[in-house]
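In my numbering, the protein residues as written are 6 to 273.
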Amino acid sequence: MSVFSPSGARRPRWRRLAVRSGVLLIVAGSEAALFLGLSRAGPDAPPIDPPPMVVTLVRPPPPPPTPEPAPEESPAPADAAPPDTAPRVAPPSPPPPPVRPLHQPPPPDVQTVPIAPAPPALPVLTSSQTAGARTAGSGTGGGAGGTGSGAGSGGSGGGCDMVRRLQEALRGDAEVRAAIDAAARQLNASGRAIQVWNGDWLQSGAETGKGLAGVRQAIAMEVAFAPADCRTEPMRGLVLLTLGDGAAASRIALGAPAWRWSDLLEID
């Protein structure tokens with residue numbers, strides 16, 4: 006700081022001291038203010054929690070009952086109207102809807118197939134037709150055989166009696182006898198012979214296959230296991246097989262103008 010005045014003259018001493026003292030006071034005041042500020046800016050004291058609040062739960066009182074509304078006075082009933090005695094006429098029912106015919110398409114053209122006629126019943130031979138038929142025990146001798154008359158004439162035996170062989174086999178089979186007896190009753194044979202083979206096995210109207218039930222199989226088994234000479238024995242006319250004794254016993258006949266026993270194994 007200059008000790009000279011603006012005019013260049015030297016200031017007096019007391020004035021200079023006063024100026025210095027003022028500066029020192031200002032500096033000292035600033036330091037004191039700074040110290041006081043620092044002392045007040047110390048660590049904050051921990052906050053104090055407020056005292057806890059005590060809450061008591063109390064059931065509220067029930068609400069007051071709702072007052073019931075006063076019943077309204079019903080108006081006085083008016084005088085009842087007199088009953089209506091006039092007859093009531095029912096409304097007319099609507100007419101039924103007209104019936105419309107259903108339109109049906111014409112049926113398709115279906116080719117008609119004629120029904121196959123049922124096979125005829127087995128023929129029942131008369132006594133005159135079986136008069137010369139070969140029976141068990143006939144024609145068993147050697148050589149050219151007998152010269153019998155009728156449909157069973159001729160035939161070489163050669164030691165084979167196939168008629169007896171077949172007749173005994175059929176008599177010993179109860180099912181075969183029952184089938185032949187049933188056919189005899191159905192055809193009203195009354196002791197007459199039923200022809201079951203005439204070069205081909207015949208089919209009865211009540212049977213699904215040719216020959217009576219079980220009869221064809223039984224005869225074929227006996228012929229198949231017969232000796233070869235007997236199977237190939239030439240035959241002519243009818244053969245008569247009797248399944249019992251007496252005139253009313255059931256009988257079957259088989260044969261053709263010329264045939265062999267092996268022909269019975271063939272089924273057309």
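Every residue gets a Cβ at the ideal spot worked out from N, C-alpha and C, and that includes glycine.
Which residues DSSP lists as bridging residue i, in chain order
{"i": "proline 239", "result": "Arg265"}
{"i": "glycine 260", "result": "Leu243"}
{"i": "glycine 198", "result": "For the record, residue 198 in the displayed sequence is alanine; it is not glycine. DSSP, once it has assigned bridges, lists Arg256 as partnering alanine 198."}
{"i": "arginine 139", "result": "Val244"}
Among the options, the one whose alpha carbon lies nearest that of residue i
{"i": "phenylalanine 230", "options": "Pro65, Arg197, Leu171", "result": "Leu171"}
{"i": "valine 244", "options": "Gly204, Pro110, Pro113, Asn193", "result": "Gly204"}
{"i": "serine 267", "options": "Arg221, Ser26, Leu246", "result": "Arg221"}
{"i": "tryptophan 264", "options": "Met226, Gly251, Ala253, Met240", "result": "Met240"}
{"i": "proline 167", "options": "Ala183, Ala33, Ala225", "result": "Proline is not the amino acid found at residue 167; the sequence shown has methionine there. Taking only the C-alpha atoms, the option nearest methionine 167 is Ala225."}
{"i": "glutamine 208", "options": "Glu238, Leu127, Met58", "result": "Leu127"}
{"i": "alanine 189", "options": "Leu217, Pro67, Arg176", "result": "Leu217"}
{"i": "glycine 1", "options": "Arg236, Glu271, Arg182", "result": "As shown, the chain starts at 6 and ends at 273. That puts residue 1 outside it, with no answer to give."}
{"i": "glycine 164", "options": "Ala37, Pro101, Arg236, Pro103", "result": "Arg236"}
{"i": "glutamate 271", "options": "Gly251, Pro67, Ala233, Trp206", "result": "Trp206"}
{"i": "glutamate 227", "options": "Thr90, Pro101, Arg176", "result": "Arg176"}
{"i": "leucine 192", "options": "Glu238, Ala233, Pro125", "result": "Pro125"}
Distance between beta carbons of residue j and residue i, contact taken as under 8 Å
{"i": "alanine 198", "j": "leucine 269", "result": "Wrong, their Cβ atoms sit about 17 Å apart, outside the cutoff."}
{"i": "glycine 196", "j": "alanine 141", "result": "Incorrect: roughly 17 Å between the Cβ atoms, too far for contact."}
{"i": "glycine 219", "j": "alanine 184", "result": "5 Å"}
{"i": "aspartate 178", "j": "alanine 223", "result": "6 Å"}
CB contact below 8 Å: residue i versus chain D
{"i": "glutamate 271", "result": "Checking the listed chains, one finds no chain D in this structure; it contains a single protein chain."}
**Message:** To test your reading of the DSSP string, which unbroken beta strand (DSSP E) runs of 3 or more residues are found completely within the segment 89 to 131?
**Reply:** none
**Request:** Would you check if the segment 126 to 142 and the segment 108 to 115 touch, i.e. whether three or more CB-CB distances between them fall below 8 Å?
**Result:** no
**Request:** Count the CB pairs spanning the segment 193 to 203 and the segment 241 to 260 that are closer than 8 Å, and state whether there are at least three.
**Result:** yes
**Item:** Sufficient close CB pairs (3 or more, under 8 Å) joining the segment 233 to 251 to the segment 166 to 181
**Value:** yes
**Request:** Identify every run of the alpha helix (DSSP H) within the segment 164 to 193, keeping only runs that are complete inside it and at least 4 residues long; order them along the chain.
**Result:** 167 to 176, 179 to 192
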